[in-house]
Every structure is written in C-alpha cells, then in structure tokens.
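A short worksheet on the structure shown next.
Number of protein chains: 2
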Amino acid sequence: MIPGPIEFSDKVLEAMAHPTMSHVSPAFISVFGECLEMLRKVFLTKDPASQPFVLSGSGTLGWDLVACNLVERGDDVLVLHTGYFADSFTECFECYGVNATQLKAPIGGRPSLEEIEAALKEKKYKMITITHTDTSTGVLSDVKGVCELVRRVSPETLICVDGVCSVACEEIQFDEWGVDVALTASQKAIGVPSGLCILMVSGRGIKAYENRKNPPGSYFASFKRWLPIMQAYEGKQPKYFATPAVQLIYALNASLKEILSRPMSDRFADHIKASDYVKAAITQLGLKQLALKPEYAAHGMTAVYTPNDMPVSELLPKIGARGVVFAGGLHKEIATKYFRIGHMGVTATDNDKRGDLDRALKVLKEALAEVGYSPN
Amino acid sequence: MIPGPIEFSDKVLEAMAHPTMSHVSPAFISVFGECLEMLRKVFLTKDPASQPFVLSGSGTLGWDLVACNLVERGDDVLVLHTGYFADSFTECFECYGVNATQLKAPIGGRPSLEEIEAALKEKKYKMITITHTDTSTGVLSDVKGVCELVRRVSPETLICVDGVCSVACEEIQFDEWGVDVALTASQKAIGVPSGLCILMVSGRGIKAYENRKNPPGSYFASFKRWLPIMQAYEGKQPKYFATPAVQLIYALNASLKEILSRPMSDRFADHIKASDYVKAAITQLGLKQLALKPEYAAHGMTAVYTPNDMPVSELLPKIGARGVVFAGGLHKEIATKYFRIGHMGVTATDNDKRGDLDRALKVLKEALAEVGYSPN
Chain Z
35 MIPGPIEFSD KVLEAMAHPT MSHVSPAFIS VFGECLEMLR KVFLTKDPAS QPFVLSGSGT
95 LGWDLVACNL VERGDDVLVL HTGYFADSFT ECFECYGVNA TQLKAPIGGR PSLEEIEAAL
155 KEKKYKMITI THTDTSTGVL SDVKGVCELV RRVSPETLIC VDGVCSVACE EIQFDEWGVD
215 VALTASQKAI GVPSGLCILM VSGRGIKAYE NRKNPPGSYF ASFKRWLPIM QAYEGKQPKY
275 FATPAVQLIY ALNASLKEIL SRPMSDRFAD HIKASDYVKA AITQLGLKQL ALKPEYAAHG
335 MTAVYTPNDM PVSELLPKIG ARGVVFAGGL HKEIATKYFR IGHMGVTATD NDKRGDLDRA
395 LKVLKEALAE VGYSPN
Chain L
35 MIPGPIEFSD KVLEAMAHPT MSHVSPAFIS VFGECLEMLR KVFLTKDPAS QPFVLSGSGT
95 LGWDLVACNL VERGDDVLVL HTGYFADSFT ECFECYGVNA TQLKAPIGGR PSLEEIEAAL
155 KEKKYKMITI THTDTSTGVL SDVKGVCELV RRVSPETLIC VDGVCSVACE EIQFDEWGVD
215 VALTASQKAI GVPSGLCILM VSGRGIKAYE NRKNPPGSYF ASFKRWLPIM QAYEGKQPKY
275 FATPAVQLIY ALNASLKEIL SRPMSDRFAD HIKASDYVKA AITQLGLKQL ALKPEYAAHG
335 MTAVYTPNDM PVSELLPKIG ARGVVFAGGL HKEIATKYFR IGHMGVTATD NDKRGDLDRA
395 LKVLKEALAE VGYSPN
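Quick look at the structure:
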C-alpha cells in the first residue's frame, strides 16, 4: 500500500514470467508496438505528431530524457516546487547545464497561478515543469490551470509534466491541455513492476529536440538513439539500439489492455472515489494530511502526519506487523513525522473485490490504538 | 538460441512473477544486498574496494556509466575494435567529450598484442576498452593477455572490459588480471530477463571517479547518485535515489544462486564444452565461422557464414519454422551473410537435460537440406 511499486494484477504478474523471446522477433515487436499505440490512448493524445517512448530504466531516467533532449545548456527552466522531486529534477537540469529556477510552495501547498504568472512575466523560460503529484507530499498540481496560464502569458514555453505518480490515475488531457512532455514509470498507476521509464512527447517537443543547437549531452538518454527505435517498433519493424526489457514490455502490454478496457474517465473517477474514501477515514481518525487544502490533495496517494508528532518509526512497524506496508516520509524537513498510503491501480479500482483499502484502514486504526492514540 | 536474451531457468521465471514488494522493505533490501555480494563472486573479486552496481537499464547504459564516471572530457581512450559494439562504445565516449581512438581488426580478427603495445607506446591513454566477446561477430578477446600487456607498458591506464556477452560464461579474473571495470547486462550468461545493467568497478576505478576534475556529465548514470545507494543496499540499509527493478532483482538473486551453486571454473568449462560441441558440428557441416582462428572464437555464441553467400533471410525462416530462433547478422558490412547461435546459461550447462544444443543443430541441418545445401 505504498505509492509505488503498487499491487499488480494476476495477468501482469503472469506476463512477467513470459518465456524468453528474441527482442527482434515479429511476436515481440508486435507486443511492443501495441504498447506504444496504447500509451497514446492512456495519455489521451490523438495527434500523430506525439511520440511515445518506453525505455529500460526508472522514472528518474525520464528527467534525463527531458533535460538533455528538450532543453539545452544555458536554457532557463521554471521548476514548480511541491516537494522532494522538484529538488531532484532541478539537480538533473543543472547536471546538463540548464538553469533551473524553483518556484517554491510551503510544505503541503503549491505555487499559486498568480505567482506562476509573475515568474513567467519576469523571465523568458524555455520550459516549465510541474510535478503532477509529488510522491513525497501527496500534493496535486493544477496541471490544466498551469497549462492555460502558460498558453496565455508565455505560449512558447514548453510544458513538462512529471507524471510519475499521476499518469493513469489523474486526468491528463495531453492534446487538449497542450502538454509537451509527460513522463512516468511503470510501477505506479500504470500497474507494471518497476524497470520501465515511459514518456510522451508532443510534436512541438520533438521539434524542440530537432532544432537543438548542440547534440544531447547523454548517450543512453538521447532521442537520437531512441526516436528511430520507437518509430520502428510502432511501425512493427525490427531495429536495434539497446535490448528492451522484454518481460516488462509483455507485462506493460497486459496492464495497458486492462486499463483501456474501460474509458480513461472511469478510471480517473475510480481513483477519486478511492481517494475520497481514504481521506474521509483519515479525517475521521482525527489525522491531518500534508496537503493544506482538499484541492491540493492527490488521488493516487495520501500523505498523513502522525498524531502528536509521534515518530513514524514507532507507528509503521505496528502496521507492518499486521501485514500492511505504508511508506515513511520522504520530504527531508518532516520525514520522521508523516507516512504515505498509496491507492493506485487495482487497489483503487478493485477495492470491492480485493478489499485493499478496507484492510489498510482497519490496520491503521488498530495500530493507532496500540500506540495509545484515540481520535478524541 | 540467440546470443541474448537467453533461455531462463524455471526458478528465474518464477521470481519474475514475485508479488509486489516495497523497494525499501527489509526483505527486498536483503535480496538486493545478497545480489551485490554474489556478484563479487561471479566476477571473482575479493578486494573489498571493488564496487558492484546493479541499475535498471540495459547493457548500453553500462557504457554511459564508464564514459561519464571513470574518464572525462578531453581524456584519451583506446578502443580495441572487434565488431559493432566498439563503434557504439566509441560514440558513447564521444558524446561525453572523451577522445576515443579505435584499434581495428579485420572482421573475425582481433588486434594483436604487438599492435596494442605499439598503440599504448604512441600515446598515453587514460583507459583501454576491450569487448570481451563482440556479440556481433562472436570474436573473443584475450583479456588476460591485454591486461598483462597494459600492466607492463602503461600501468596507469584503466582497463575496461565490455563483458555483456562474456560475464558468467567466459573466465574473468577481476582481481588477478587487474581489470578496473567490467560491465554486463542481465539477459546474457547472467541468465535473467533484460532490464538490468551490471557493473563491477575496482578500487582504482572508484579512485579515478573520486579524483575527477569535473562532475559526471550524466544525471541518471552518475556514480554520485548510485555509489551511496549500492553501499547502502549491500550494508542492508534502505536508501532511495530511483526505484530499483524489484522483480528483476528477485530474478537476479535466483539466478546468481544457481550460478554460484558450483565453482565458476566449472561453469566456464561447461561453456567451453558446449561451444566446442556446436563449433565441431558447424565445421562438420562445412560451414565457416566469422572468427578467423579457433582461439578468436567466443564460448557463449557462434557466428557462422551462410553457405555460398546465401542471404540469411532465406535460411532463418526455415529454422524458425522448426521452432528454433537464431539471430541474424549485426556487423553492417556482412549483416546479410551470417547468423549467430547463442549457447549461454542453461542452454550450455544443461544440454543433457534440455537438449537445446542438439535440437538447434538438428534443425540447422534440416534447414540447410531444405535450401539445397549439402556439406560435400
């Protein structure tokens, strides 16, 4: 019950054990090609100029893909800061000589549209980055609002969404909102074991790459290597740069088919419902969330302060002893004083059948009672 | 029967379907920590200063790890060229501003020790790279011989072994020969589905990283991020940079335990035996290998010219129709005129039980007969 790796469906775990396949065999190429086609639907993009990427790696590699292909040394990037992950993304930009300016919100908050507008008017930014859900704080950004703002006041600025903890659980209208790049990883709401980095780039994003003055600063993360490969696989042709993670791609195929068996809007609604359910229980327990306002709270996870500043290291083992695993804190300023509950994928969509949420909340209540906390 | 991804054991495929685990749970940390300890044994290093790395990614990422951590912009590197992979490694070095000089052998050959000695005396190289087995040509390099030579004529030069197609099937005495970095990927003789990049760095290699004038040019591939993580996992402590590929690490644990259930020397001997068996059959069929001399031929794969310059696209489907998959050519100058047979891992060690080799050779014979070729 942590905010990724999440629980996986049986079909996904079965696919993980797929016998060996040549990475250039027609059967595998077709499976990989289908994944790329299906990702377009998950990101809600119909623009043929959009380009999906699936690489062996983690979500972190997605930052490199953005920082070394879509912007370049000397460019200015505005990083909206809602927790730990904006700091790391900033470090990644700086590694490639890109100037990253952070617009920071207090813990549990997010930069206001007014603050973002002021920042965009002060300097011309090549890109703005938004952590859709910051996994360290559970804070949800208003991606749609920021996109509208950027289109109005700084239309040339590329919009990057770090969707590691949001893609396939929070609404992202890639085309309609005008997102230029959204990145995620397999082990969150995509519902596949960790090991894949997933990226969707707009036609405008690809142009920005094509119009670079200098080649990308990384070899493994360079679009120069991967663009022909992704285009070949989606065109059902073999092409080799690096051996793809065959079994993980089979699992991705299985998971995307499950995800797309219903409209994406239903899936988003399920995650809102599950999130409301968890958050209502947390409130009823008298516990405080990190998110300063209800609309700042993500729907794929919930970050909760321990009661009375109790060290999280006292509470989590009591929960673990009951067979449920929550995550500790990650935001360095308050890491010891909060915990995180993930509710993405089958945990959110299949609670009626699986009962993950009910069990987790029951165990939380019992653990709190054991440490002597009562709501009133 | 391609030179990776290879056939996987049942235990490895079972581990691939391991239910979700938190990447910072004590159980997983212990599994990952064990993998790092076991890798020391696979690479035959007892020096505590040696440092193993396991990252989500492919073998290709291993080049980035070498090129951006152990050498830096402006350094000179000597790349021994025995096929396709030396060209790609060269591109990787150039991406990071490292000057790569290739010492090229004709197809099927390898640079002689005399040529290497002359090159090393001509210029001071920070590093020399050796593709142990070039998967494109099946050519085996004399790593031991090159190491002795380098220690004699240019002792400060770091020795890098691209062991993607050799680690765990060809002998590598990491400490004894004085290798400074050896890289591989999970899907070859390590016997785990693709998706992991594996690296062993000597204490001298780590020092070279620590004494860099400038920070590494990549974010995802930087030792700055990974060194504390690997040290933490091996010390059985949680630490986070990027989410590791949990299921692949479980599979790696299972495979390394199988590999280390016998002395590594027995495993190397098994691969020589399997290789001799395949190569004898190839010779008996009147077919010619790419390797110009028997001692240039790798033991984990065999690269074979089609008879009478027949396009490989005519032969491979006849083999595939019989349920066996060989790989086509990869070396661009002759790609259409040869094929590659992989014999690593269980295919080599368990032929008595599995019969992979017997079946492959039988099918090859039948396919050749179908296309009208007979040995005499």
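Residue numbers (my numbering), protein chains in the order written: chain Z, 35 to 410; chain L, 35 to 410. Idealized CB from N, CA, C, for every residue including glycine.
Using a beta-carbon distance below 7 Å, is residue i in contact with chain Z?
i: M50 (chain L); result: yes
i: T412 (chain L); result: A question about residue 412 (chain L) goes unanswered here, because the residues of chain L that appear run from 35 up to 410.
i: Q85 (chain L); result: no
i: P227 (chain L); result: yes
i: I36 (chain L); result: yes
i: C203 (chain L); result: no
i: D310 (chain L); result: no
i: Q221 (chain L); result: yes
i: A276 (chain L); result: yes
i: C126 (chain L); result: yes
i: C129 (chain L); result: yes
i: T54 (chain L); result: yes
i: L174 (chain L); result: no
i: I47 (chain L); result: The identity of residue 47 (chain L) in the sequence shown is Leu, whereas the question assumes Ile. Judged by the 7 Å Cβ criterion, L47 (chain L) is in contact with chain Z.
i: G363 (chain L); result: no
i: D98 (chain L); result: yes
i: S347 (chain L); result: no
i: A303 (chain L); result: no
i: S289 (chain L); result: no
i: A279 (chain L); result: yes
Considering just the uninterrupted stretch of the alpha helix (DSSP H) at residue i, what are its terminal residues?
i: P262 (chain Z); result: F257 to E268
i: N103 (chain L); result: G93 to N103
i: A49 (chain L); result: D44 to M50
i: A325 (chain Z); result: A325 (chain Z) -> no alpha helix (DSSP H), and no H or E assigned at all.
i: N385 (chain Z); result: N385 to R388
i: I307 (chain Z); result: Checking the sequence, you will find Lys at residue 307 (chain Z) rather than Ile. Note, K307 (chain Z): alpha helix (DSSP H), M298 to Q318.
i: A61 (chain Z); result: P60 to V76
i: L350 (chain Z); result: V346 to G354
i: A369 (chain Z); result: It is not in any alpha helix (DSSP H) - A369 (chain Z) carries neither H nor E in the DSSP assignment.
i: S155 (chain Z); result: Just to set this straight, residue 155 (chain Z) is Lys in the shown sequence, not Ser. From DSSP, the alpha helix (DSSP H) with K155 (chain Z) extends over L147 to E156.
i: E125 (chain L); result: Y118 to C129
Hey, could you find the ends of the beta strand (DSSP E) residue i is sitting in?
i: L112 (chain Z); result: D110 to H115
i: F373 (chain L); result: Y372 to G376
i: K138 (chain Z); result: N133 to K138
With a cut-off of 7 Å, does the C-beta of residue i fall near any C-beta of chain L?
i: Y253 (chain Z); result: yes
i: V359 (chain Z); result: yes
i: E41 (chain Z); result: yes
i: S236 (chain Z); result: no
i: Q323 (chain Z); result: no
i: T94 (chain Z); result: yes
i: L282 (chain Z); result: yes
i: G143 (chain Z); result: no
i: G91 (chain Z); result: yes
Just grab the DSSP bridge partners of residue i for me.
i: T340 (chain L); result: Paired residues: none, contrary to the question.
i: Q85 (chain Z); result: Z:V235
i: S90 (chain Z); result: Z:L230
i: Q281 (chain Z); result: Its beta-bridge partners do not exist; DSSP assigns none.
i: M335 (chain L); result: L:G376
i: A361 (chain L); result: L:R374
**Item:** Ranges of the alpha helix (DSSP H) found wholly within the region 162 to 230 of chain L, counting only runs of at least 4
**Value:** 177 to 187 and 208 to 211
**Prompt:** Should the region 172 to 186 of chain L be called in touch with the region 75 to 95 of chain L, which here means at least 3 C-beta pairs below 8 Å?
**Reply:** no
**Request:** Could you say if the region 166 to 181 of chain L and the region 327 to 343 of chain L meet the contact criterion of at least three C-beta pairs nearer than 8 Å?
**Result:** yes
**Item:** the region 37 to 50 of chain Z in contact with the region 365 to 385 of chain Z per 3-pair CB rule at 8 Å
**Value:** yes
**Item:** the region 236 to 243 of chain Z / the region 293 to 305 of chain L touching (three or more Cβ pairs under 8 Å)
**Value:** Cβ pair count under 8 Å is below three, so no.
**Message:** Under 8 Å, with one C-beta from each stretch per pair, do the region 186 to 200 of chain Z and the region 135 to 146 of chain Z reach the 3-pair mark?
**Reply:** no
**Prompt:** Is the number of C-beta pairs between the region 119 to 139 of chain Z and the region 226 to 239 of chain Z that are closer than 8 Å three or more?
**Reply:** Under the Cβ criterion (8 Å, minimum of three pairs), the region 119 to 139 of chain Z does not count as touching the region 226 to 239 of chain Z.
**Message:** Does the structure place the region 110 to 127 of chain Z close enough to the region 299 to 316 of chain Z that three or more beta carbon pairs sit under 8 Å?
**Reply:** No, the region 299 to 316 of chain Z is not in contact with the region 110 to 127 of chain Z.
**Request:** Determine contact between the region 102 to 120 of chain Z and the region 150 to 161 of chain Z, defined as no fewer than three beta-carbon pairs at a distance below 8 Å.
**Result:** yes
**Item:** Validate contact between the region 109 to 122 of chain Z and the region 267 to 287 of chain Z using beta carbons, cut 8 Å, 3 pairs
**Value:** no
**Asked** Given 8 Å as the limit, is there contact between the region 400 to 410 of chain L and the region 337 to 348 of chain L, that is, 3 or more CB pairs closer than that?
**Response** yes
**Request:** Assess, as a yes-or-no matter, whether the region 253 to 266 of chain L is touched by the region 199 to 206 of chain L under the definition of 3 or more beta carbon pairs within less than 8 Å.
**Result:** no
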